[in-house]
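J.: The structure is given below, and queries will be raised subsequently.
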Amino acid sequence: MPPWHHFYDGAQDTDILSTPIVTFVVGKEKREFYAHQGILVSTSGTSPYFKSCLEGGFKEATTKRIELPEDDVSGFKLLITWLYTDQFMQKYLLNDTGAFVSMRAWTLGDKFMIPEFQDRILYRLWTYWSNRDNMPMDPTFFQWTLEHLPLTSQLYRAVKHMFIYHIAASHDSYKDNGKWEKEFAELLTSHNDAMEELFWHGMDILGMKWKAELPSYLDYRVTEEQHVTGRIREVTEEWAGPTHCGYVHCLGHSLGFLCLDFTPH
């Protein structure tokens with residue numbers, strides 16, 4: 113029986129409860145999640161990805177089983193919870209570990225084309241990083257975006273801007289004997305472009321004097337035009353054959369989709 117303990121009365125139209133159950137097999141752990149098809153395709157968080165998988169001519173429309181071997185289990189749990197309750201689990205936003213889970217969940221919103229979910233995640237992250245109790249910001253947040261997101265990603269731009277703000281506001285924390293000295297040095301050593309990204313863009317954002325002004329998350333919300341940020345990749349039958357719902361990302365410009373690679377890089 114699917115675990116619906118997080119579903120509360122009035123959260124969604126009860127007709128959704130009579131729609132078929134979809135099984136997701138997520139991550140290397142092959143963790144199974146269950147969700148009503150109506151939640152995935154008929155709510156305010158409707159995903160073109162899920163809609164094409166479950167209502168198109170793909171095998172998933174028949175099997176009601178979607179395998180996501182490369183996706184993050186904790187991030188997917190956050191997404192499913194939000195689809196049902198329009199809320200987030202607080203435990204994922206009370207510390208840096210929870211913030212990393214939220215960032216991975218944001219990339220799932222990108223993959224499944226749910227910009228509203230991405231914007232809600234970003235707002236929660238922004239609130240966390242803006243809290244004086246959580247300053248200064250751990251450099252590994254920016255390092256993660258360099259390693260997993262394209263430079264055009266709204267989340268990449270948001271994290272970079274927030275990190276620049278933290279450097280300007282708490283610069284001693286990143287110097288010798290500072291709280292994040294080791295992590296900051298590792299960031300600059302492992303990514304040759306990090307200094308350029310931070311220094312030159314820092315001047316663009318904060319000015320020559322690097323005056324620390326908290327940026328607005330509104331500048332980094334995801335619009336319909338911006339929400340697909342994966343890399344263009346070569347199509348293979350195994351990855352995106354016409355009977356597999358990965359094909360939804362390769363349907364051509366007539367439907368507004370590109371063929372994209374959402375594997376970590």
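Quick note: to get this note's numbering, add 112 to the position in the sequence shown (first position is 1). We put the beta carbon where it would ideally sit given N, CA and C, even for glycine.
#1: What's the C-alpha gap between C165 and L234?
#2: Contact between the segment 212 to 223 and the segment 183 to 192 is defined here as three or more beta-carbon pairs at a separation below 8 Å; is this criterion met?
#3: So within the segment 201 to 252, which uninterrupted alpha helix (DSSP H) runs reach at least 4 residues, ignoring any that extend past its ends?
#4: For E308, does the three-state DSSP call read helix, strand or coil?
#5: Express the C-alpha separation of S154 and L129 in angstroms, rounding to a whole number.
#6: Cα separation between F162 and T175?
#7: By a C-beta neighbour count over all protein chains shown, 10 Å radius and 16 as the cutoff for buried, is A297 buried or exposed?
#8: Just checking my contact of S159 with F254 at CB under 8 Å: how many whole Å lie between their CB atoms?
#9: Going by DSSP, which residues form a beta bridge with R143?
#10: Do K291 and P248 have their beta-carbon atoms positioned less than 8 Å apart in this structure?
#11: Curious, which full-length beta strand (DSSP E) runs of at least 3 residues does the segment 164 to 207 contain?
#12: Is it right to say K142 is buried, meaning 16 or more other beta carbons lie within 10 angstroms of its own, or is it exposed?
#13: According to DSSP, simplified to helix, strand and coil, what is H303?
#14: Quickly, what does DSSP pair I133 with across the bridge? List them, please.
#15: In this structure, how does DSSP classify P256 when only helix, strand and coil are distinguished?
#16: Can you list, in chain order, the residues of its chain with a C-beta nearer than 7 Å to that of H278? Leave out the 5 residues immediately preceding and following it.
#17: Go through its chain and collect everything with a Cβ distance to E179's Cβ below 7 Å, but skip five positions before and after it.
#18: Using only alpha-carbon positions, find the residue among Y268, L258, E293 and S285 that is nearest to D222.
#19: If you drop the 5 nearest sequence neighbours on each side, which residues of the same chain put their C-beta closer than 7 Å to that of I192?
#20: Look up L330 in the DSSP assignment and say whether it is helix, strand or coil.
#21: Exposed or buried, which one is H273 when buried takes at least 16 other CB atoms within 10 Å?
#22: Going by CA-CA distance only, name the one from D208, W194 and P251 that's closest to R232.
#23: If you run the structure through DSSP and keep just helix, strand and coil, what is S282?
#24: According to DSSP, is K287 part of a helix, a strand, or is it coil?
T.: Per the coordinate set shown:
#1: 26 Å
#2: yes
#3: Here the runs fully enclosed are 208 to 223 and 227 to 242.
#4: Secondary structure at E308: helix, using DSSP grouped into helix, strand and coil.
#5: Cα-Cα distance, rounded: 12 Å.
#6: 13 Å
#7: exposed
#8: Going by Cβ atoms, the distance from S159 to F254 rounds to 28 Å, so no, they are not a contact pair.
#9: V138
#10: Yes.
#11: 177 to 180
#12: Looking at its Cβ environment, which holds fewer than 16 other Cβ atoms inside 10 Å, K142 is exposed.
#13: The three-state secondary structure of H303, taken from DSSP, is coil.
#14: The partner list for I133 (beta bridge, DSSP) reads H148.
#15: It should be pointed out that residue 256 corresponds to Trp in this sequence rather than to Pro. In the structure shown, W256 sits in a helix (DSSP, three-state: H, G or I).
#16: M247, P248 and M249
#17: V137
#18: Checking every option, the nearest Cα to that of D222 belongs to Y268.
#19: F145 and A147
#20: helix
#21: buried
#22: R232 has its Cα closest to that of W194, out of D208, W194 and P251.
#23: coil
#24: coil
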